[in-house]
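Let me begin by presenting the structure, written as structure tokens, before commenting on it.
Residue numbers (this note's numbering): 2 to 339.
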């Protein structure tokens, strides 16, 4: 069994959309190597906006922190989010145990980083799930746009490592890459969610398992042309739908995925040599031919996204200046005493 667990508002919406877009049905159809080919989504949040979710079964939704935040969420208070999830971990786990009938072969967590519940609560729940079910865990984490406010970025920067270390593998995406292209914040969320939906719709369990033990990112593209070179497809995805500021030359491996009518693609050998020469990393193909299909879906899995290329340098610089300023003020006060 595969469990998709949304923690916080953003994560819960992503899981809800996976139901809406029939991604769950696609995953069920492709999970063949495990006895229980079932996919179940669960949403956990501190905000009553959970009630607006229309696709996750109601019995799989749990509102926590009602006594503390009255259903209004934790805002950007990461410590509060962590505290509520820790205090009400039993409630969240009871909800999971109510739907977990068999030991899951994988639990995938979805969270937006920067807010209180997703950022503070995900590590708490992920560690407990691993402890109880003795299963592998994967996280799909979305970094905030700078336009969402400095506090969101600061929270993501300060808590990223603790969140990533709480799961066995991760897929990292960044709203800020989308807003840097000129999109507003709402559009950025939409684009990132569509990317996740598209990628999960075309993969099978082997791709999720390849993320375990790794930090990865993904891209997705559904071309309209029926005559496309792989080189052009890779360049298009890296330019338009690779939502992570990251130097590909430092990756461990790039995996190109194609599902559908493979006769639409050409240039296999050239593309492999081109990619290896350009990026200096291993380049692999995974092809899933569906004869008779009138469409093609493409994806990239970039494995080894260790260095986020200074993503949070500005935040750290501001924090450093603040600490220096506070130290200067303290030294002035000490000097005045003498």
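Note that the Cβ used here is the ideal one computed from N, Cα and C, for glycine as well. Model, not experiment: these values are computed from the prediction.
Enclosing alpha helix (DSSP H) for residue i [first to last residue]
i: residue 217; result: Not the alpha helix (DSSP H): residue 217 falls in the beta strand (DSSP E), residues 216-222.
i: residue 13; result: 9-21
i: residue 197; result: 186-203
i: residue 82; result: 79-88
i: residue 161; result: 151-165
i: residue 117; result: 117-134
i: residue 207; result: 206-211
i: residue 239; result: 231-241
i: residue 31; result: 24-31
Where residue i falls, given that 16 or more other Cβ within 10 Å makes a residue buried
i: residue 19; result: buried
i: residue 406; result: Nothing can be reported for residue 406: it is not among the residues displayed for the chain, which extend from 2 to 339.
i: residue 241; result: exposed
i: residue 302; result: buried
i: residue 337; result: For residue 337, the predicted structure reports a pLDDT of 42, less than 50, and the residue's modelled location is therefore unreliable. A value from the coordinates is still provided. Per the 10 Å Cβ criterion, exposed.
i: residue 215; result: buried
i: residue 12; result: buried
i: residue 87; result: exposed
i: residue 292; result: exposed
i: residue 190; result: buried
i: residue 14; result: buried
i: residue 1; result: Outside the shown range of the chain, which is 2 to 339, sits residue 1, and nothing can be said about it.
i: residue 59; result: exposed
i: residue 194; result: buried
i: residue 264; result: exposed
i: residue 52; result: exposed
i: residue 226; result: exposed
i: residue 122; result: buried
i: residue 119; result: buried
i: residue 274; result: exposed
i: residue 277; result: exposed
Residue i and residue j closer than 7 Å at C-beta
i: residue 43; j: residue 61; result: yes
i: residue 299; j: residue 234; result: yes
i: residue 187; j: residue 221; result: no
i: residue 54; j: residue 78; result: no
i: residue 212; j: residue 139; result: yes
i: residue 74; j: residue 48; result: yes
i: residue 192; j: residue 179; result: yes
i: residue 107; j: residue 144; result: no
i: residue 103; j: residue 2; result: yes
i: residue 219; j: residue 272; result: no
i: residue 205; j: residue 69; result: no
i: residue 50; j: residue 10; result: yes
i: residue 202; j: residue 63; result: no
i: residue 246; j: residue 283; result: no
i: residue 142; j: residue 173; result: yes
Alpha-carbon spacing of residue i relative to residue j, whole angstroms
i: residue 335; j: residue 170; result: Confidence in residue 335 is poor, its pLDDT being 47 and thus under 50, which makes the residue's placement too unreliable to answer from.
i: residue 165; j: residue 156; result: 14 Å
i: residue 260; j: residue 45; result: 33 Å
i: residue 7; j: residue 72; result: 17 Å
i: residue 84; j: residue 175; result: 26 Å
i: residue 285; j: residue 67; result: 48 Å
i: residue 111; j: residue 304; result: 18 Å
i: residue 312; j: residue 134; result: 34 Å
i: residue 331; j: residue 281; result: Only weak support is given to the placement of residue 331: the predicted model assigns it a pLDDT of 48, under 50, and the value that follows is read from those uncertain coordinates. Cα to Cα, the separation comes out at about 50 Å.
i: residue 224; j: residue 296; result: 8 Å
i: residue 154; j: residue 26; result: 35 Å
i: residue 29; j: residue 82; result: 32 Å
i: residue 321; j: residue 248; result: Confidence is the limiting factor: at residue 321 the pLDDT is only 48, short of 50, which leaves the residue's position unreliable and the question unanswerable from this model.
i: residue 128; j: residue 168; result: 7 Å
i: residue 159; j: residue 307; result: 16 Å
i: residue 184; j: residue 65; result: 33 Å
i: residue 181; j: residue 309; result: 16 Å
i: residue 22; j: residue 152; result: 32 Å
i: residue 243; j: residue 93; result: 33 Å
i: residue 228; j: residue 126; result: 46 Å
i: residue 105; j: residue 5; result: 10 Å
i: residue 288; j: residue 80; result: 45 Å
i: residue 163; j: residue 109; result: 17 Å
i: residue 267; j: residue 90; result: 51 Å
i: residue 270; j: residue 95; result: 52 Å
i: residue 262; j: residue 137; result: 33 Å
i: residue 146; j: residue 239; result: 19 Å
Beta-bridge pairing of residue i - partner residues as DSSP gives them
i: residue 283; result: 254
i: residue 73; result: 48
i: residue 5; result: 42, 109
i: residue 289; result: 260
i: residue 141; result: 111, 172
i: residue 267; result: 230
Residue i: first and last residue of the uninterrupted beta strand (DSSP E) it sits in
i: residue 173; result: 170-175
i: residue 62; result: 62-64
i: residue 304; result: 297-304
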